[in-house]
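**Q** Counting from 1, position 10 in the sequence shown corresponds to residue 19 in the numbering used here; the numbering is continuous, with no gaps. Using N, Cα and C, we set each Cβ at its ideal position, and we do this for glycine too.
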Amino acid sequence: MQPLEIDYIGDTRLPISDIETIIQQNSPLVVQVPLPSINSSNSYLDIISDYLDASFVAEKLMESASTMEIEKVWGIKYHPVYHFTIVPKDSYELAKRLYELSILFGYDEGDEDEHMSWRQEVNEYGETLDKREFAFPEIIDDYYANLINGAYYELDSEYANFLENEYKKYPERRFGFWKSAHSSKLGVDCYLSIDAWVAPIKANIHQMIEVITGQKQKANFEPAESLFFNQIAYLLNEEQIVFLPFGHFMKAKSCAAIAINFDEFSKEYDWLEKVYTFSPSQDAISKRYSTFVQYAPERYEYFLSDFGNLVLVQDEDFSYLLFDSRNLTEREKVELADKLSNTFMEISNISGIRVDITCPWELMDDEKFEQVCYDVIYYNPKFDSSTIRKMGKSRSRDGGRDIEVFTRSRPGYEPEKFIFQCKFIKPDSSLSSTKLVGITDVVDQYGASGYGIMTSGVIDSTLYDKIDGIGRNRGIQFEHWSVYELERFLAKHPNIKDRHFGKLISTSV
10 MQPLEIDYIG DTRLPISDIE TIIQQNSPLV VQVPLPSINS SNSYLDIISD YLDASFVAEK
70 LMESASTMEI EKVWGIKYHP VYHFTIVPKD SYELAKRLYE LSILFGYDEG DEDEHMSWRQ
130 EVNEYGETLD KREFAFPEII DDYYANLING AYYELDSEYA NFLENEYKKY PERRFGFWKS
190 AHSSKLGVDC YLSIDAWVAP IKANIHQMIE VITGQKQKAN FEPAESLFFN QIAYLLNEEQ
250 IVFLPFGHFM KAKSCAAIAI NFDEFSKEYD WLEKVYTFSP SQDAISKRYS TFVQYAPERY
310 EYFLSDFGNL VLVQDEDFSY LLFDSRNLTE REKVELADKL SNTFMEISNI SGIRVDITCP
370 WELMDDEKFE QVCYDVIYYN PKFDSSTIRK MGKSRSRDGG RDIEVFTRSR PGYEPEKFIF
430 QCKFIKPDSS LSSTKLVGIT DVVDQYGASG YGIMTSGVID STLYDKIDGI GRNRGIQFEH
490 WSVYELERFL AKHPNIKDRH FGKLISTSV
């Protein structure tokens with residue numbers, strides 16, 4: 010059966026007996042409630058009105074239901090609708106309730122008084138949302154998202170001091186947050202925005218994600234370290250580096266300080282000074298009275314999800330779940346590495362340390378270079394060293410693959426094959442896209458998930474553009490090791506550097 014449309018009941022004025030017959034013939038019954046303003050109205054006031062009506066109807070129908078599930082379905086009549094799947098307690102009571110509620114969506118002149126009465130009840134319902142518990146809080150959270158990020162500004166243009174009064178009543182909303190309608194179900198007050206979520210540290214983040222989004226697959230968070238450089242915030246661990254949405258974090262932290270720790274209202278930004286600046290006075294006290302005073306600014310723990318799209322930050326009191334993080338592209342990684350390297354050199358020079366990490370590549374040949382590449386991959390924690398294989402001598406007919414290796418397995422993830430191609434070129438030259446062809450053919454031929462490029466020179470921008478495009482279009486993972494990455498790796502592993510260059514240097518002297 011097609012869903013029973015509540016606006017259809019109102020338009021046609023089906024009698025209660027006919028509705029009861031439909032219920033008795035269909036168990037469970039699917040009732041369709043429209044959201045007609047989405048994708049059709051330019052006003053957020055219309056959109057929040059749709060969500061409020063849908064929430065009101067859902068809560069009222071739940072009173073007549075033994076069980077009830079809801080689903081937002083897109084693409085129906087050019088706008089989304091809610092499907093309410095209902096097992097009734099009593100078919101007549103549900104039929105009567107559907108008949109009454111349908112007057113909200115369609116009525117003739119004789120029903121106008123009853124329509125206005127229901128409309129008044131919906132308005133009163135909307136004015137008491139923060140005092141209610143909901144059987145279906147997801148509808149209300151959608152309502153709040155559209156209210157705070159759109160309708161608020163329309164209302165402020167119509168009514169003097171509207172936002173000022175709202176922010177006094179709900180101070181968290183000045184930062185785009187609202188107290189989630191799921192809070193009672195979760196057992197803690199949690200605050201949501203379209204950019205971030207905030208919850209007390211005792212809250213179970215995995216449960217929070219599951220309850221609010223309905224996704225039962227757990228996000229796997231790995232520890233990460235923060236890096237603030239040139240006014241940009243990053244998070245990184247052994248597997249990835251992402252842009253930290255620091256603006257989202259600032260708003261989330263301020264929400265926690267104001268909404269949850271209301272006494273800290275006047276200190277909403279003090280945490281920035283505590284965490285990210287150096288205090289000479291506190292440092293002096295710490296050094297002078299080290300036995301009694303320890304200078305330790307408030308600290309944070311950072312975690313990255315598997316794909317880098319979610320950031321979890323935790324302090325002593327709260328958890329902050331941040332959205333819109335993004336993995337750096339290969340080119341952005343190289344640019345950041347170059348900038349950090351230059352900064353490191355400057356600090357070394359200031360401190361009197363002279364560091365030269367360059368390697369005498371001109372003393373190598375193809376075969377020796379592949380041996381260096383082999384060790385770099387062998388000691389990379391991303392890969393399982395027991396699976397590495399070197400494909401014959403250099404310049405042999407290796408089919409475009411010099412080294413094969415599998416990534417390390419971990420719960421939920423199977424090992425993935427990577428193919429590496431080693432290109433020994435003159436140190437002052439670059440590896441362009443014209444010198445590396447057939448990447449996708451090689452990957453397809455050997456059933457690999459990733460492809461690595463290792464070269465003793467610089468990787469040309471045309472090649473970066475090429476591998477970025479292949480990565481986007483084909484979902485292939487790329488590892489790139491130009492002379493910059495190789496020299497920095499070898500500087501951190503002097504034993505490997507000495508193994509490959511020590512004899513060459515002594516022989517050439």
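#1: In its own chain, which residues sit with a C-beta less than 8 Å from the C-beta of Lys-98, not counting the 5 before and 5 after it?
#2: If contacts are defined as beta-carbon pairs under 8 Å, then Arg-398 and Glu-413 qualify, I think. What distance do you get, rounded to the angstrom?
#3: In whole angstroms, what is the alpha-carbon distance linking Tyr-152 and Phe-186?
#4: Who are Lys-260's beta bridge partners in DSSP?
#5: Which residues does DSSP list as the beta-bridge partners of Asn-336?
#6: Quick one: Cα of Asp-507 to Cα of His-489, how far?
#7: Going by other Cβ atoms of all chains shown within 10 Å of its Cβ, with 16 needed for buried, is Val-83 buried or exposed?
#8: What does a CB cutoff of less than 7 Å around Glu-277 pick up in its chain, not counting 5 residues either side in sequence?
#9: For Thr-352 and Asn-482, what's the separation of their Cα atoms in angstroms?
#10: For the beta strand (DSSP E) containing Ser-470, name the first residue and the last one.
#11: May I ask which residues mark the beginning and end of the alpha helix (DSSP H) holding Trp-127?
#12: Ignoring anything shorter than 4 residues or poking outside the segment 140 to 168, list the alpha helix (DSSP H) runs there in chain order.
#13: Let me make sure I understand the geometry here. Which of His-509, Asp-55, Ser-442, Gln-430 has the alpha-carbon closest to that of Leu-164?
#14: Measuring CA to CA, which of Asp-204, Gly-196, Asp-139, Val-381 is closest to Lys-178?
#15: Assign Ala-457 to one of two classes, buried (16 or more other C-beta atoms within 10 Å of its C-beta) or exposed (fewer than that).
#16: List the DSSP bridge partners of Lys-81.
#17: Looking only at its own chain, which residues have a Cβ that is under 8 Å from the Cβ of Glu-80, when we skip the five neighbours before and after it?
#18: For the alpha helix (DSSP H) containing Ala-104, name the first residue and the last one.
#19: Helix, strand or coil, according to DSSP, for Cys-431 in the structure here?
#20: Nearest-angstrom Cα distance between Ser-50 and Gln-41?
#21: Taking 8 Å as the cut-off, decide whether the C-beta atoms of Gln-430 and Ile-468 are in contact.
#22: Between Arg-106 and Glu-425, what straight-line distance do the alpha-carbon atoms span, to the nearest angstrom?
#23: In the DSSP assignment, what residue or residues form a beta bridge with Tyr-179?
#24: Looking at the strands, I want to know which residues DSSP matches up with Leu-61.
#25: Mark Asn-504 as exposed unless 16 or more other C-beta atoms lie within 10 angstroms of its C-beta, in which case mark it buried.
#26: Identify every residue that forms a DSSP beta bridge with Gln-486.
#27: Identify the continuous alpha helix (DSSP H) that holds Ser-193 and give its terminal residues.
#28: Would you check if the distance between the CB atom of Glu-68 and the CB atom of Ala-154 is smaller than 8 Å?
#29: Helix or strand or just coil, what does DSSP make of Phe-238?
#30: Whose C-beta lies closer than 8 Å to the C-beta of Ser-438 among residues of the same chain, with five residues either side of it excluded?
**A** For this structure:
#1: Ser-73, Ala-74, Ser-75
#2: 5 Å
#3: 13 Å
#4: Lys-260 is not bridged to any residue.
#5: Val-251
#6: 23 Å
#7: Reading off the sequence shown, one finds Trp at residue 83, where the question assumed Val. The residue in question, Trp-83, is exposed, as its Cβ has fewer than 16 Cβ neighbours within 10 Å.
#8: Annotation note: pLDDT 45 at Glu-277 (below 50); position unreliable, coordinate value reported separately. Around Glu-277: Ser-263, Ala-266, Ile-267.
#9: 35 Å
#10: Where Ser-470 is concerned, there is no enclosing beta strand (DSSP E), although the alpha helix (DSSP H) it sits in stretches over 470 to 483.
#11: 121 to 136
#12: 146 to 155, 161 to 167
#13: Asp-55
#14: Asp-139
#15: buried
#16: Tyr-91
#17: Tyr-91, His-92, Thr-94
#18: 100 to 110
#19: strand
#20: 20 Å
#21: no
#22: 56 Å
#23: The partner list for Tyr-179 (beta bridge, DSSP) is empty, contrary to what the question assumes.
#24: DSSP output for Leu-61 lists no bridge partner at all.
#25: exposed
#26: Gly-459
#27: 192 to 195
#28: no
#29: strand
#30: Gly-466, Val-467
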